[in-house]
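Visitor:
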Amino acid sequence: MLPIERRATIRRLLFERKTLKISELSALFGVSEMTIHRDVRALVDEGIAVKTYGGIALLEPHRKEAPPPSSPDDGPSRCVVCGKPVNPTLAYRLLLPDGRVDVACCAHCGLIHHRRLRSPGHAGAYALVRDVLTHTTVPAEEATYVLGGEAPAACCRPPVYAFSASGDAERFVRGFGGVALRWSEAADRLKAEMAVGGEASAKDLSCFPGTQSLK
Numbered sequence: 369m370l371p372i373e374r375r376a377t378i379r380r381l382l383f384e385r386k387t388l389k390i391s392e393l394s395a396l397f398g399v400s401e402m403t404i405h406r407d408v409r410a411l412v413d414e415g416i417a418v419k420t421y422g423g424i425a426l427l428e429p430h431r432k433e434a435p436p437p438s439s440p441d442d443g444p445s446r447c448v449v450c451g452k453p454v455n456p457t458l459a460y461r462l463l464l465p466d467g468r469v470d471v472a473c474c475a476h477c478g479l480i481h482h483r484r485l486r487s488p489g490h491a492g493a494y495a496l497v498r499d500v501l502t503h504t505t506v507p508a509e510e511a512t513y514v515l516g517g518e519a520p521a522a523c524c525r526p527p528v529y530a531f532s533a534s535g536d537a538e539r540f541v542r543g544f545g546g547v548a549l550r551w552s553e554a555a556d557r558l559k560a561e562m563a564v565g566g567e568a569s570a571k572d573l574s575c576f577p578g579t580q581s582l583k
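Here is the structure:
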């Protein structure tokens, strides 16, 4: 993610959450706290935010404004779903309402966990995922996902690949198979695919390297 994209995302999160911690942003974006300090300094200089202990807060005059339009790589080192080591180039990151950052090893585990956080009784999350072709970071719910196909699985199976452009996803399908779906469709279909094998919990999910065709 380019610095200008990271700062735009921080601005949006600030309008949504009103307060942000430097340590949380550092974990979400996978950059040093010093880098985040430089990012938020611009918001302070604009008169949008004020520094607080360990973070920033949205200034009162801006609290009723609508958030700006949409425009992470260390963090936890193990996948929140399957426990495998996290590869930053494949990671699916979720910022929870309480400020915690959950990291999944790939879009497969990310969709599973994100869908669970969107279910009744959960507060949801803001998530970012990497485009498998361009390696740019995009809001997870705006991406297009390819489930299955004959390409080597990026991490877990059935393989799931994220794309920022739907056209790229469709071309990938023509070359390698699988099916291109938007976020909600992909999350629902993946859950159904995993249920076929009788999995009862996240610990039972078929999350390991390999390939699998999705008919």
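So the sequence shown is numbered by the numbering used here: it starts at 369 and just counts up by one.
From the three backbone atoms N, C-alpha and C, an ideal C-beta is built for every residue, glycine too.
Tyr513 to Val412, Cα distance in whole Å?
Guide: Going from the Cα of Tyr513 to the Cα of Val412 covers about 37 Å.
Visitor: CA-CA distance, Pro436 and Arg380?
Guide: Since pLDDT at Pro436 reaches only 48, below the 50 mark, its modelled position is unreliable, and the value read off the structure follows with that caveat. Rounded to whole angstroms, Pro436 to Arg380 spans 6 Å at the Cα level.
Visitor: Please list, in chain order, all residues of the same chain as Glu401 whose beta carbon is under 7 Å from its beta carbon, the five residues on each side excluded.
Guide: Counting only Cβ-Cβ distances below 7 Å, and skipping sequence neighbours, we find Ile390, Ser391 and Ser394.
Visitor: Tell me, please, which residues DSSP counts as bridged to Val408.
Guide: DSSP, once it has assigned bridges, lists no residue as partnering Val408.
Visitor: Which residue or residues does DSSP assign as beta-bridge partners of Thr512?
Guide: Answer by DSSP bridge pairing, in chain order: Phe531 and Arg550.
Visitor: Specify, as a first and last residue, the run of the alpha helix (DSSP H) that Thr377 falls within.
Guide: Pro371 to Arg385 is the extent of the alpha helix (DSSP H) around Thr377.
Visitor: How is the alpha helix (DSSP H) around Ile390 delimited, first residue to last?
Guide: Taken as a continuous stretch (DSSP letters only), the alpha helix (DSSP H) holding Ile390 covers Ile390 to Phe397.
Visitor: Taking one C-beta from the stretch 542 to 550 and one from the stretch 491 to 507 each time, how about it: are there three or more such pairs within less than 8 Å?
Guide: They do not touch, by the three-pair rule.
Visitor: Among Leu382, Phe397, Glu428 and Tyr421, whose alpha-carbon lies nearest the alpha-carbon of Ala410?
Guide: The candidate whose alpha carbon is nearest that of Ala410 is Leu382.
Visitor: Going by DSSP, what residue range makes up the beta strand (DSSP E) through Ala475?
Guide: First-last for Ala475: Ala475 to Leu485, but that is the alpha helix (DSSP H), not the beta strand (DSSP E).
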